[in-house]
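In the numbering used here, the protein residues as written are 3 to 84.
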(Lines of atoms letter the chains of each structure in order from A and count residues from 1; the text may use other names and numbers.)
(Lines give C-alpha, C1' and ligand atoms only; values in the text may rest on other atoms or scores of the structure.)
Protein backbone atom coordinates (compact mmCIF):
# COMPACT_ATOMS: atom_id res chain seq x y z
CA UNK A 1 0.00 0.00 0.00
CA UNK A 2 2.94 2.30 -0.56
CA UNK A 3 1.75 5.78 -1.47
CA UNK A 4 -1.81 5.05 -0.35
CA UNK A 5 -3.81 6.27 2.63
CA UNK A 6 -5.98 3.87 4.61
CA UNK A 7 -9.10 4.68 6.61
CA UNK A 8 -10.80 1.95 8.63
CA UNK A 9 -14.25 2.03 10.13
CA UNK A 10 -17.23 -0.03 11.17
CA UNK A 11 -20.69 1.32 10.33
CA UNK A 12 -22.31 -1.03 12.85
CA UNK A 13 -20.24 0.11 15.83
CA UNK A 14 -19.36 3.73 15.03
CA UNK A 15 -21.21 7.00 14.31
CA UNK A 16 -21.78 7.26 10.54
CA UNK A 17 -22.36 11.03 10.75
CA UNK A 18 -18.86 11.51 12.10
CA UNK A 19 -17.44 9.36 9.28
CA UNK A 20 -19.36 11.34 6.68
CA UNK A 21 -18.16 14.69 8.01
CA UNK A 22 -14.53 13.58 8.27
CA UNK A 23 -14.49 11.96 4.84
CA UNK A 24 -16.09 15.02 3.25
CA UNK A 25 -13.37 17.23 4.70
CA UNK A 26 -10.62 14.83 3.61
CA UNK A 27 -11.99 14.74 0.05
CA UNK A 28 -12.40 18.55 -0.06
CA UNK A 29 -8.95 19.38 1.23
CA UNK A 30 -6.88 16.71 -0.53
CA UNK A 31 -5.80 15.91 -4.06
CA UNK A 32 -7.22 12.40 -3.98
CA UNK A 33 -7.46 10.76 -7.40
CA UNK A 34 -9.54 7.72 -6.44
CA UNK A 35 -11.28 6.03 -3.53
CA UNK A 36 -11.71 2.28 -3.10
CA UNK A 37 -14.00 0.96 -0.39
CA UNK A 38 -13.25 -2.62 0.60
CA UNK A 39 -16.17 -4.05 2.52
CA UNK A 40 -17.39 -7.39 3.76
CA UNK A 41 -20.47 -8.96 2.17
CA UNK A 42 -22.49 -8.67 5.39
CA UNK A 43 -25.38 -6.16 5.15
CA UNK A 44 -24.15 -3.75 7.81
CA UNK A 45 -20.97 -3.03 5.83
CA UNK A 46 -23.09 -1.42 3.11
CA UNK A 47 -23.28 1.62 5.39
CA UNK A 48 -19.64 2.47 4.80
CA UNK A 49 -20.26 2.53 1.05
CA UNK A 50 -23.27 4.82 1.49
CA UNK A 51 -21.35 7.21 3.75
CA UNK A 52 -18.38 7.36 1.38
CA UNK A 53 -20.58 8.09 -1.64
CA UNK A 54 -22.37 10.85 0.31
CA UNK A 55 -19.05 12.37 1.40
CA UNK A 56 -17.80 12.32 -2.19
CA UNK A 57 -20.96 14.08 -3.37
CA UNK A 58 -20.79 16.64 -0.55
CA UNK A 59 -17.13 17.39 -1.29
CA UNK A 60 -18.07 18.73 -4.72
CA UNK A 61 -15.15 16.91 -6.33
CA UNK A 62 -15.12 14.33 -9.11
CA UNK A 63 -13.13 11.46 -7.58
CA UNK A 64 -13.15 7.96 -9.04
CA UNK A 65 -14.91 5.49 -6.77
CA UNK A 66 -14.74 1.71 -6.66
CA UNK A 67 -16.10 -0.90 -4.30
CA UNK A 68 -14.66 -4.33 -3.54
CA UNK A 69 -16.82 -6.82 -1.67
CA UNK A 70 -15.03 -9.56 0.28
CA UNK A 71 -16.87 -12.76 1.17
CA UNK A 72 -17.02 -14.17 4.67
CA UNK A 73 -14.34 -16.70 3.69
CA UNK A 74 -11.97 -14.04 2.33
CA UNK A 75 -12.80 -14.44 -1.36
CA UNK A 76 -13.45 -11.43 -3.61
CA UNK A 77 -17.17 -11.51 -4.36
CA UNK A 78 -17.54 -8.37 -6.45
CA UNK A 79 -15.60 -5.43 -7.85
CA UNK A 80 -17.60 -2.39 -8.95
CA UNK A 81 -16.10 0.76 -10.48
CA UNK A 82 -17.78 4.07 -11.24
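Beta carbons: idealized from backbone N, C-alpha and C, even for Gly.
Asked: N- and C-terminal bounds of the alpha helix (DSSP H) containing residue 31; Found: 18-31
Asked: Residue interval of the alpha helix (DSSP H) (run including residue 56); Found: 48-61
Asked: Extent of the continuous beta strand (DSSP E) run through residue 43; Found: Neither: residue 43 is in no beta strand (DSSP E) and is coded neither H nor E.
Asked: Contact under 8 Å by Cβ, residue 53 with residue 13; Found: yes
Asked: Straight-line Cα distance separating residue 77 from residue 7; Found: 23 Å
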